[in-house]
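Visitor:
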Amino acid sequence: MQVRPTRPTCPHRRRSLSSMASLAAAMLLSIPFTANATGYPDKPITLVVPFGAGGITDLIARATGKALSEQLGQSVVVENRPGAGGNIAADFVRRARPDGYTLMFATVGVLAVNPHTDVKVNFDSAKDFTYISLVGSTPFLVVVGADVPANTLPALIKLAQRKPDAISVGTAGVGSAPYQGMRIFQDVAKVEFLHVPFKSGAESVTNVVSGQVNMTFEATPQVMPFVTSGKLRALAVASPHRLSTAPQVPSTAELGFPSLVSGSVAGLIGPAGLDPAIVKKLNAAVAKVAADPKFKATLIAQGTEPAASSPEQFRKLISDENQRWSALLGAGNK
């Protein structure tokens, strides 16, 4: 039997083939993922909400999702991922595939406040997300429980000044809009509150009503029914002007505290690397939704003002707020 001799493999050839394979793999990894924007969307979109169900962020996100479904011709499914002040949701979206099918209804608090708190943040709001459009702005009411001995905002401030850390404030967690309200209040009035975090704004309101917590900052739909029934007392709306949904409540500006302005500002973002064509399509859809009289009425009923924007305007707002909260929550101020 004749045995055919084998040619020894040249070590240089092996190294060359290995190098070529490595180079090819590196080139493939360097090519950014792009979704087919032409047929987008051709399946349901997941809209991640960073807080629990029932709070103002959740309510506005659901209204937005419903309206976007009609505009895009595809279902927009709201998925609540509360925890860590919204950081869990933000990290989930950061790691999602940039195909336009995982979006987040993000707040200024999550993107611009959380990075300056003691809560661990696994994202960079300047690099890890694609900004699409703002959606709405919701001024908050300053409300206290019925048993709190303060009938006006000045009276509450005097009470807090006499008893530092004695008045408890419920929020949806560090970085949430109510938390921002608390920090701004402390900075403006030179007082100290006891922070009590919950999973949602709705949960914090429930605890103020039950007397477990003294006060909170929340939107009119969450608190006005309790104000009307006498279970809560609305001392002010943290806004330059009064709200049509609570016309009897004075603004902080008219009470002599024009810089005590607080609320929830939210919009749509996606993972970094989202196809510009998809961003353009989503931005146009949000603009149409925000201009729709029916959607406007829905938001106004929730104490929210529609506020569509360009991606650049949204990104700049977050950048500006990052600088603001860096100064407010800098070393020694947390």
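For reference, each letter of the sequence shown is one residue, going -37 to -1, 1 to 297 in mature numbering (1 follows the signal peptide of the UniProt record, and there is no 0). A virtual CB, placed ideally from N, CA and C, is assigned to each residue, including glycine.
(1) Check the DSSP bridge columns for T179 and list the partner residues they point to.
(2) Which residues mark the beginning and the end of the alpha helix (DSSP H) in which A53 is found?
(3) Using DSSP's beta-bridge definition, name the partner residues of S227.
(4) Could you check whether the Cβ of K90 sits closer than 6 Å to any heavy atom belonging to the ligand FAD?
(5) Leaving aside the five residues before and after A270 along the sequence, list all residues of the same chain whose C-beta is less than 6 Å from its C-beta, in chain order.
(6) Once DSSP output is grouped into helix, strand and coil, what is the label at Y3?
(7) Give a yes or no on whether the C-beta atoms belonging to residue 300 and S192 are separated by under 7 Å.
(8) Less than 7 Å between the beta carbons of T9 and T93, yes or no?
(9) May I ask you to report which of helix, strand or coil DSSP gives S32?
(10) Mind checking who residue 307 pairs with in its DSSP beta bridge?
(11) I need the DSSP call for V171, collapsed to helix, strand or coil.
(12) I'd like to know whether the C-beta atoms of residue 298 and A165 end up nearer to each other than 7 Å.
(13) Buried or exposed: which applies to P239, given that a residue is buried once 16 or more other Cβ atoms fall within 10 Å of its Cβ?
(14) Pull up the distance between the alpha-carbon of L122 and that of E284, whole angstroms please.
(15) For the alpha helix (DSSP H) that N114 lies in, which residues bound it at each end?
(16) Do you know how far the Cα of E181 is from the Cα of A106?
(17) Taking the Cβ atom as the reference point for each residue, do P274 and I130 lie within a distance shorter than 7 Å?
(18) Bridge partners of L195, per DSSP?
(19) Beta-carbon separation of G48 and G133 under 7 Å?
(20) So, using beta-carbon positions, are I232 and A69 closer together than 7 Å?
(21) Pairing CB atoms from the segment 33 to 52 with CB atoms from the segment 257 to 270, are three or more of them under 8 Å?
(22) Alpha carbon to alpha carbon, how far is Q37 from F258?
(23) Within its chain, find whatever has a CB closer than 7 Å to the CB of A209; leave out the 5 residues flanking it on each side and keep chain order.
(24) Between residue 299 and V172, is the Cβ-Cβ spacing less than 7 Å?
(25) For L116 versus L218, is the C-beta distance shorter than 7 Å?
(26) Pick from A75, G28, E33, K6: whose alpha carbon is nearest that of residue 298?
(27) Where L237 and A247 are concerned, what is the direct C-alpha to C-alpha distance, given to the nearest angstrom?
Guide: In short, the structure shows the following:
(1) V106, G133
(2) 50 to 57
(3) T101
(4) For the ligand FAD, the structure offers nothing, since it holds no ligand at all.
(5) L97, G99, S100
(6) coil
(7) Residue 300 lies beyond the range of the chain shown here (-37 to 297); nothing can be said about it.
(8) no
(9) helix
(10) For the chain, the structure presents residues -37 to 297; residue 307 sits outside this window and is missing.
(11) helix
(12) Since the first residue of the chain shown is -37 and the last is 297, residue 298 is not available in this structure.
(13) exposed
(14) 30 Å
(15) Careful: N114 lies outside any alpha helix (DSSP H) and carries neither H nor E.
(16) Note on identity: in this sequence residue 106 is Val, with Ala being the wrong assignment. Computed Cα separation, rounded: 8 Å.
(17) no
(18) G108
(19) no
(20) yes
(21) no
(22) 18 Å
(23) L104, T183, M187, A197, V200
(24) Coverage of the chain is limited to positions -37 through 297, which leaves residue 299 absent and any answer about it impossible.
(25) yes
(26) Absent from the structure is residue 298, since the part of the chain shown begins at -37 and ends at 297.
(27) 15 Å
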